[in-house]
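Peer 1: Submitted below is the structure of interest, expressed as structure tokens.
Protein chains: 2
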Amino acid sequence: MSHLRWGIIGCGQISFDFVQAMRKCVHPHMIVAIAASNWEKAKNLKQVLCLGEGVTVYGSYEELLANANVEVVYIGLVNHVHHDIVIKALNRDKHVLCEKPLGLNVRQVHGMVQKSRQKKLFLMEGFHSRFFPCWNQIRTDLENKTLGELTSIHANIGSDYFSENRFHTPDGAKPIDSGSTPLMDFGLYTINFALWIFKDEMPQKIIAYGRKDETGADKFANITLEFSKGKKAFLLYSAEDIMPNSAFISCTDGHLLIPEFFHCPTRLIRVRGKQKVGENSAEGIEFPLEDDAFYIYNNSSGLRYEADHVFECLRKGRKESDLMSLETTEKLAEIIQEIRRQLDIVLPQDKQTNHDST
Amino acid sequence: MSHLRWGIIGCGQISFDFVQAMRKCVHPHMIVAIAASNWEKAKNLKQVLCLGEGVTVYGSYEELLANANVEVVYIGLVNHVHHDIVIKALNRDKHVLCEKPLGLNVRQVHGMVQKSRQKKLFLMEGFHSRFFPCWNQIRTDLENKTLGELTSIHANIGSDYFSENRFHTPDGAKPIDSGSTPLMDFGLYTINFALWIFKDEMPQKIIAYGRKDETGADKFANITLEFSKGKKAFLLYSAEDIMPNSAFISCTDGHLLIPEFFHCPTRLIRVRGKQKVGENSAEGIEFPLEDDAFYIYNNSSGLRYEADHVFECLRKGRKESDLMSLETTEKLAEIIQEIRRQLDIVLPQDKQTNHDST
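Taken in sequence, the protein lines are chains E and U.
Per the UniProt record's numbering, the first sequence runs over residues 1 to 358.
Per the UniProt record's numbering, the second sequence runs over residues 1 to 358.
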């Protein structure tokens, strides 16, 4: 099949990882253009990634969107600008893969979904987790009932996020202004995991307890989601605690364990038995990424699976993914908004209207 | 030092394990008598454990308590009779080690603590976890700040408790009538772990979300405890989900992991680093029990550490343990009662008065 022609919007850390990972793709991808908020930044990404002559460098996103040779854009910008750029890209007839979270609230997400459907263009939220081979194995185990019936899951994710001073912006803007709160930045990986495990069923009950900091952003939350037939997800995220980033999946005849990086895993442990010493058997299964290139984020080489999935969708003429559907993205946004409501986390964008969605 | 002369009250599964484990003690213990609700049951325990001629068998607890040669009693009965037997034992001038939970509510616990102080007798709740070498290593790591400052913990415990029909009593009594709810039977291990980690500091905030079954007993709960200086415990128990029974301890420079059976562990994993692939180092430390005898419960051989601790306390003339103090037992009872209040779990004993404490 013909090359998929990408435009990269945003030249920060995640875009670096995404382009790096594309080298390991199985399908033919071609980077046509990259754009940052200034030309130097885009030029720099092109250089450090040793991209070829054919890649055009832009100092504004709009210029890239005007390039008729760009077929699909990857948006790797900070959270609060996703909405406007996605709308602009769709208006320029580009297919879109946008980093998570697609929008900051239900209204923003709904506006983008409507726009993509109206324009008959492909749109997908970039949850790379759903395409990792380890997650595929979990799905197979659950469908084959390898360990019996699924009953519940737990996932945790935590880091010393604040101490990294990651969001000390020069203009003194607070993380919450850019929608970069712990929930919106990484806590949502646990929600995506839960929704994926329960096949995008909407939880019947959402209970969140957490704390805010002095800027109004969340610090941590302990979340219970209840699904049909008494099934549950127990989720935990924290910006002030280093956690294993592990997950387990409880089944009637044992449990599956992702010992670390459940959102981008390379290892699964299958434990048969009912937690009695000497009666369990544990079996580890490895899913090596086989990539010795440098990445900024953990296991970002797995972004290749996401890029290849977008390739397959587009070459099949699909307007959305079956593995990360727009309905799923809307449900995620609803759950996250309800958690924010319970934690009393209000973003400036919650008060705006979508005057620019049209 | 002279032998410690034990009377065993209750000849069920946990008493079997306790007596079995005593064979591995380092101090000289002597079992003087065992008693069950009927003589046959006590005789049977004596036989299966091949206890010597010197062990007197009783068909009632009162008879054992009348034996002047018994110095300390181990109480391994079902939860709801702990209070009455402990009071009777203290009134008979016996020191007491009673299985957890010591009482079903704050009032019961307070009555027993008062009685033991008034009688100047030793009383301890049997949380064997606190004496496992693995827990000692965790304490050492935390005091030495091996991985920096402690910030939070997580612990989970879960089994298919209900499907075992464990509490289908012949007279049709419900588990809740005997105080044998999941929280009172095993969920409390997570509370004990949190309280131990935070050196018996009372949490400033207790938040529990869970569900009840049709009998009024709890099925599961997801609990957050907040301690001073922003430290937290995230605790999870379930009677309808098989879980790894794992725990982790988040510190500023890494985390400690108990991969299974955090309440009776034989393995600790020390992970230095901040959860970045390739920058962590994991080190496993084993604490083998070195005991090939048969036990009913997981790692019950560790009950030997508890028995030896009681020996040390009594031979030093102590009236309570420094590692599992009566103040700790009262705090545990308060936290559990508050969790029950939030979950709306009411025990019949909550409506009674302590007319029999005196």
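Where a beta carbon is used, it is the ideal one built from N, C-alpha and C, also for glycine.
Helix, strand or coil for residue 33/U per DSSP?
Peer 2: Indexing the second sequence from 1 puts residue 33/U at position 33. Reduced to three states, the DSSP call for residue 33/U is strand.
Peer 1: Please list, in chain order, the residues of the segment 238-255 of chain E that have any C-beta partner in chain U closer than 9 Å.
Peer 2: So the close ones are 238, 240, 241, 242, 243, 244, 245, 246, 248, 250, 251, 252, 253, 254, 255.
Peer 1: Answer with yes or no whether the minimum CB distance from residue 209/U to chain A is below 8 Å.
Peer 2: Among the protein chains in the structure shown, which are E and U, there is no chain A.
Peer 1: Return no unless some Cβ of chain E is closer than 8 Å to the Cβ of residue 144/U.
Peer 2: Taking the second sequence and counting its residues from 1, one reaches residue 144/U at position 144. No, its Cβ sits nowhere closer than 8 Å to a Cβ of chain E.
Peer 1: So which residues of chain E does residue 236/U contact, with C-beta pairs closer than 8 Å?
Peer 2: For this step, residue 236/U is matched to residue 236 along the second sequence. Here the neighbours are 154, 234.
Peer 1: What does the alpha-carbon distance come out to for the pair residue 217/E and residue 278/E?
Peer 2: Sequence index remark: in the first sequence, residue 217/E carries index 217 (1-based). Sequence index remark: in the first sequence, residue 278/E carries index 278 (1-based). If you take the alpha carbons of residue 217/E and residue 278/E, they lie about 46 Å apart.
Peer 1: Under 8 Å: do the segment 330-343 of chain E and the segment 199-207 of chain E share three or more Cβ pairs, one atom per stretch?
Peer 2: They touch, by the three-pair rule.
Peer 1: Let me check understanding here. Comparing Cα to Cα, which of 28/U, 86/U, 16/U, 78/U lies closest to residue 295/U?
Peer 2: Within the second sequence, the letter at position 295 stands for residue 295/U. Among 28/U, 86/U, 16/U, 78/U, the Cα nearest to that of residue 295/U is on 16/U.
Peer 1: In the structure shown, what three-state DSSP assignment does residue 202/E receive?
Peer 2: In the first sequence, the residue the question calls residue 202/E occupies position 202. Of the three classes helix, strand and coil, the one that applies to residue 202/E here is coil, per DSSP.
Peer 1: Give the range of the alpha helix (DSSP H) segment to which residue 309/E is assigned.
Peer 2: Locating residue 309/E in the first sequence gives position 309, counting from the first residue. Per DSSP, residue 309/E belongs to the alpha helix (DSSP H) from 303-315.
Peer 1: Which one of 93/E, 147/E, 237/E has the shortest CA to CA distance from residue 336/E?
Peer 2: Looking up residue 336/E in the first sequence gives position 336. Nearest of 93/E, 147/E, 237/E to residue 336/E, Cα basis: 237/E.
Peer 1: In angstroms with no decimal places, state the Cα-to-Cα distance between residue 86/U and residue 186/U.
Peer 2: Sequence index remark: in the second sequence, residue 86/U carries index 86 (1-based). Sequence index remark: in the second sequence, residue 186/U carries index 186 (1-based). Taking the straight line joining both Cα atoms gives about 21 Å.
Peer 1: Name the chain U residues whose beta carbon is nearer than 7 Å to that of residue 276/E?
Peer 2: Counted from its first residue, the first sequence places residue 276/E at position 276. Under the 7 Å cutoff, chain U gives 298.
Peer 1: Using the C-alpha atoms, what's the distance from residue 232/U back to residue 27/U?
Peer 2: In the second sequence, residue 27/U corresponds to position 27, counting from 1. In the second sequence, residue 232/U corresponds to position 232, counting from 1. Looking at the two C-alpha atoms, the distance is approximately 38 Å.
Peer 1: Among residues of its own chain, excluding the 5 on either side of residue 25/U, which ones have a beta-carbon nearer than 8 Å to its beta-carbon?
Peer 2: Position 25 of the second sequence, counted from the start, is the residue given in the question as residue 25/U. 304, 307, 308, 311, listed in sequence order.
Peer 1: Would you decide whether residue 47/E is buried or exposed? Buried here means 16 or more other CB atoms lie within 10 Å of its CB.
Peer 2: As a first step, residue 47/E must be located in the first sequence, where it is residue number 47. So residue 47/E counts as exposed.
Peer 1: Give a yes or no on whether the C-beta atoms belonging to residue 188/E and residue 101/E are separated by under 8 Å.
Peer 2: Here the question's residue 188/E lines up with position 188 in the first sequence. Here the question's residue 101/E lines up with position 101 in the first sequence. Yes, these two residues count as a Cβ contact at 8 Å.
Peer 1: Cβ atoms of residue 298/U and residue 180/U: under 8 Å apart, would you say?
Peer 2: Position 180 of the second sequence, counted from the start, is the residue given in the question as residue 180/U. Position 298 of the second sequence, counted from the start, is the residue given in the question as residue 298/U. No, Cβ-Cβ distance for residue 180/U and residue 298/U is not below 8 Å.
Peer 1: Straight-line CA distance for residue 173/U to residue 8/U?
Peer 2: Taking the first residue of the second sequence as 1, we reach residue 173/U at position 173. Taking the first residue of the second sequence as 1, we reach residue 8/U at position 8. So the alpha carbons of these two residues sit roughly 25 Å apart.
Peer 1: Give me the chain U residues within the contact set of residue 224/E, using Cβ-Cβ distance strictly less than 7 Å, ordered along the chain.
Peer 2: One-based indexing of the first sequence puts residue 224/E at position 224. 209, 222, listed in chain order.
Peer 1: Report the residue from 19/E, 123/E, 81/E whose alpha carbon sits nearest the alpha carbon of residue 37/E.
Peer 2: Counting from one through the first sequence, the residue named residue 37/E turns up at place 37. When only C-alpha atoms are compared, the closest one is 81/E.
Peer 1: Determine the direct distance from the alpha carbon of residue 349/E to that of residue 178/E, and round the result to whole angstroms.
Peer 2: In the first sequence, counting from the first residue as 1, residue 178/E sits at position 178. In the first sequence, counting from the first residue as 1, residue 349/E sits at position 349. The alpha-carbon atoms of residue 178/E and residue 349/E are separated by roughly 9 Å.
Peer 1: Once DSSP output is grouped into helix, strand and coil, what is the label at residue 178/U?
Peer 2: By 1-based counting over the second sequence, the position of residue 178/U is 178. The answer is helix: DSSP assigns residue 178/U an H, G or I state.
Peer 1: Check whether the Cβ atoms of residue 70/U and residue 32/U lie closer than 8 Å to each other.
Peer 2: As a working note, residue 70/U is residue 70 in the second sequence. As a working note, residue 32/U is residue 32 in the second sequence. For residue 70/U and residue 32/U, yes; Cβs fall inside 8 Å.
Peer 1: Does the ligand ZN have a heavy atom nearer than 7 Å to the CB of residue 54/E?
Peer 2: Within the structure as shown, the ligand ZN is missing, as the structure has no ligands at all.
Peer 1: Would you call the segment 211-229 of chain E and the segment 126-135 of chain E touching, i.e. three or more CB-CB distances under 8 Å?
Peer 2: The answer is no - the segment 126-135 of chain E does not touch the segment 211-229 of chain E, with fewer than three Cβ pairs under 8 Å.
Peer 1: So if DSSP puts residue 56/E in a beta bridge, which residue, or which two residues, is it bridged to?
Peer 2: Along the first sequence, read from residue 1 onward, the residue named residue 56/E stands at position 56. Paired residues: 33/E.
Peer 1: List, in order along the chain, the chain U residues whose C-beta lies closer than 8 Å to that of residue 215/E?
Peer 2: Within the first sequence, residue 215/E is the residue found at index 215, counting from 1. Those within 8 Å of residue 215/E in chain U number zero; the least Cβ separation is about 15 Å.
Peer 1: To the nearest angstrom, how far is the alpha carbon of residue 211/U from that of residue 300/E?
Peer 2: Here residue 211/U refers to the residue found at position 211 when the second sequence is read from its first residue. Here residue 300/E refers to the residue found at position 300 when the first sequence is read from its first residue. Roughly 39 Å between the two C-alpha positions.
Peer 1: Could you check which residue in 5/E, 176/E, 12/E has the C-alpha nearest to that of residue 214/E?
Peer 2: On the first sequence, residue 214/E is found 214 positions in, with the first residue counted as 1. It is 176/E.
Peer 1: Give the straight-line distance between the Cα atoms of residue 165/U and residue 121/E, rounded to the nearest whole angstrom.
Peer 2: As a first step, residue 165/U is located in the second sequence; it is residue number 165 there, counting from the start. As a first step, residue 121/E is located in the first sequence; it is residue number 121 there, counting from the start. In this predicted model, residue 165/U has a pLDDT of only 49, less than 50, meaning its place in the structure is not dependable; the value taken from the coordinates is given anyway. About 56 Å.
Peer 1: What residue ranges within the segment 78-120 of chain E form continuous alpha helix (DSSP H) runs of no fewer than 4 residues, ordered along the chain?
Peer 2: DSSP runs (the alpha helix (DSSP H)) wholly in the segment 78-120 of chain E: 82-91, 106-119.
Peer 1: Near residue 282/E, which residues of its chain fall below 6 Å by C-beta distance, leaving aside the five closest residues on each side in sequence?
Peer 2: As a first step, residue 282/E is located in the first sequence; it is residue number 282 there, counting from the start. Only 269, 271 meet the Cβ criterion.
Peer 1: Give me the Cα-Cα distance between residue 288/U and residue 21/U, rounded to the nearest whole angstrom.
Peer 2: Numbered from its first residue, the second sequence carries residue 288/U at position 288. Numbered from its first residue, the second sequence carries residue 21/U at position 21. If I take the Cα positions, the gap works out to 14 Å.
Peer 1: Mind checking whether residue 44/U and residue 56/U have CB atoms under 8 Å apart?
Peer 2: Here residue 44/U is taken as the residue at index 44 of the second sequence, counted from 1. Here residue 56/U is taken as the residue at index 56 of the second sequence, counted from 1. No, they are not a contact pair.
Peer 1: Where residue 14/U and residue 160/E are concerned, what is the direct C-alpha to C-alpha distance, given to the nearest angstrom?
Peer 2: Counted from its first residue, the second sequence places residue 14/U at position 14. Counted from its first residue, the first sequence places residue 160/E at position 160. Cα-Cα distance, rounded: 42 Å.
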